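Heads up, the final residue of the sequence shown is numbered 350 in this note's numbering, and it's a clean run with no missing numbers. Inspection log for the structure reproduced underneath, given as structure tokens.
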Amino acid sequence: MLSVLRIGIGQTDPVVGDPDANLLMLRKLIREADANRIDVLVLPELANSGYAFESREEAVTLSETIPEGAYCKEMAKGSSGRVVVAGVCERTSEGLYNSAPLFMNGRHVLTYRKVHLFNREKEVFLPGESEPPVFEFGEYRLGLMICWDWIFPEMARILALKGAQVILHPANLVLPYCHRAMVTRSIENRVFTVTANRVGEERGLSFYGESQVVAPNGEVLLKMGGSDTGLAWVDIDPARADDKMMTERNHLLNDRRPRLYRRLVED
Ligand code: ACM
Numbered sequence: 084m085l086s087v088l089r090i091g092i093g094q095t096d097p098v099v100g101d102p103d104a105n106l107l108m109l110r111k112l113i114r115e116a117d118a119n120r121i122d123v124l125v126l127p128e129l130a131n132s133g134y135a136f137e138s139r140e141e142a143v144t145l146s147e148t149i150p151e152g153a154y155c156k157e158m159a160k161g162s163s164g165r166v167v168v169a170g171v172c173e174r175t176s177e178g179l180y181n182s183a184p185l186f187m188n189g190r191h192v193l194t195y196r197k198v199h200l201f202n203r204e205k206e207v208f209l210p211g212e213s214e215p216p217v218f219e220f221g222e223y224r225l226g227l228m229i230c231w232d233w234i235f236p237e238m239a240r241i242l243a244l245k246g247a248q249v250i251l252h253p254a255n256l257v258l259p260y261c262h263r264a265m266v267t268r269s270i271e272n273r274v275f276t277v278t279a280n281r282v283g284e285e286r287g288l289s290f291y292g293e294s295q296v297v298a299p300n301g302e303v304l305l306k307m308g309g310s311d312t313g314l315a316w317v318d319i320d321p322a323r324a325d326d327k328m329m330t331e332r333n334h335l336l337n338d339r340r341p342r343l344y345r346r347l348v349e350d
């Protein structure tokens, strides 16, 4: 039986220093998601705050607590009957995290804190200390990672081992390799990947959009433009990701030889 999950990507152009503008973008996307019966809505990384902070102090002023902050409240409101995930600059008593809270049916379900910080993010954020999560949305299993996690194939592999059928991937991409790498992440784990990238320029950094959804066989099912903003969607059957047979004798996960990979988990 074909079972369909409608995945929506909200490709935005967040404005650093203008949280109200970023909130309006979210509200507009939620209205469009309602009109188009989106089941899972994914927005870019740091969608509430923008990315290129002048200083840690500026990031603090643009941060919010999860789930009480204004952006999170709007995500919660917009998650009736669906999942909403977006990157949020998270303030906690110990410091800031580059986080992705997930809301479902009006409530906060979990927050993933980015484990691998990119470049100047190291001056602003603490790294997350927990492995990437998988959660159930009805019969579906969705995993979550953030942007630069893409270059560590361990992250997508952990999510596949935890049963994820679809990896949700909020991003603010600067280097040009990720989209091709995510095709590989899909193939090597036989999962769907959903990369929601931002567009626009911020303080000398350019973000190139082209948000995409990739199928377990590497087919790119949806690709947005390099400067478009707005909602795009595609219907997928997540159960396709449950078939891990690459040939009649090769099961992608069972054929692994972890005893020979110990070097990978040495600190
Ligand atoms: C990135 O992790 N935002 C490149």
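Glycine is no exception: its CB is placed at the ideal position from the N, C-alpha and C atoms. Quick caveat, the model's predicted, so the values are computed rather than measured.
Under a Cβ-count criterion, where at least 16 other Cβ atoms within 10 Å of its own Cβ denotes burial, should residue i be classed as buried or exposed?
i: K389; result: Residue 389 lies beyond the range of the chain shown here (84 to 350); nothing can be said about it.
i: F81; result: Past the edges of the chain, shown from 84 to 350, lies residue 81, and the structure says nothing about it.
i: S162; result: buried
i: Y260; result: exposed
i: G211; result: buried
i: E147; result: buried
i: G170; result: buried
i: F235; result: exposed
i: R286; result: exposed
i: P341; result: exposed
i: Y134; result: buried
i: N300; result: exposed
i: M329; result: exposed
i: L343; result: exposed
i: R357; result: Residue 357 lies beyond the stretch modelled for the chain, which goes from 84 to 350, so this question has no answer here.
Looking only at DSSP bridge pairs, what is residue i linked to?
i: E115; result: E115 is not bridged to any residue.
i: K306; result: Q295
i: F218; result: L225
i: V317; result: I90
i: C172; result: N181
i: A279; result: P253
i: S289; result: E284
Considering only residues of the same chain and omitting the five flanking positions on each side of residue i, which have a CB-CB separation below 8 Å?
i: V143; result: R174 and L179
i: R346; result: none
i: A315; result: G91, I92, Q94, S294, L305 and M307
i: H191; result: I149, P150, C155, A159, P184 and L185
i: L145; result: V99, G100, P102, N131, S132, G133, F136 and C172
i: D311; result: Q94, V282 and G292
i: M84; result: In this prediction, M84 has a pLDDT of 46, which is less than 50 and means its spatial position is unreliable; what the coordinates show is noted afterwards. Cβ within range, chain order: n/a, list empty.
i: N255; result: P127, E128, L129, Y134, G170, C230, N280, R281 and F290
Which class does residue i belong to by DSSP, given the choice of helix, strand or coil?
i: K327; result: coil
i: M187; result: strand
i: I149; result: coil
i: M84; result: With a pLDDT of only 46 at M84, under 50, the local geometry of the prediction cannot be trusted, and the value read off the model is given with reservation. M84: coil per DSSP, three-state reduction.
i: P253; result: strand
i: L193; result: strand
i: Y154; result: helix
i: Y134; result: coil
i: N105; result: helix
i: R110; result: helix
i: E128; result: coil
i: V348; result: helix
i: N333; result: strand
i: L209; result: strand
Leaving out the 5 sequence neighbours to the left and right, which residues in its chain are closer than 6 Å to residue i when beta-carbon positions are compared?
i: L109; result: E157
i: V123; result: I90 and V166
i: F220; result: V166
i: R203; result: none
Within the continuous alpha helix (DSSP H) that includes residue i, where are the two ends?
i: H262; result: C261 to N272
i: E141; result: R139 to T144
From which residue to which residue does the beta strand (DSSP E) around residue i run?
i: A239; result: Premise fails: A239 lies in the alpha helix (DSSP H), P236 to L244, not in any beta strand (DSSP E).
Here's a check: name, in chain order, each residue in its chain whose Cβ is nearer than 7 Å to the Cβ of residue i, leaving out the five neighbours to either side.
i: L244; result: L336
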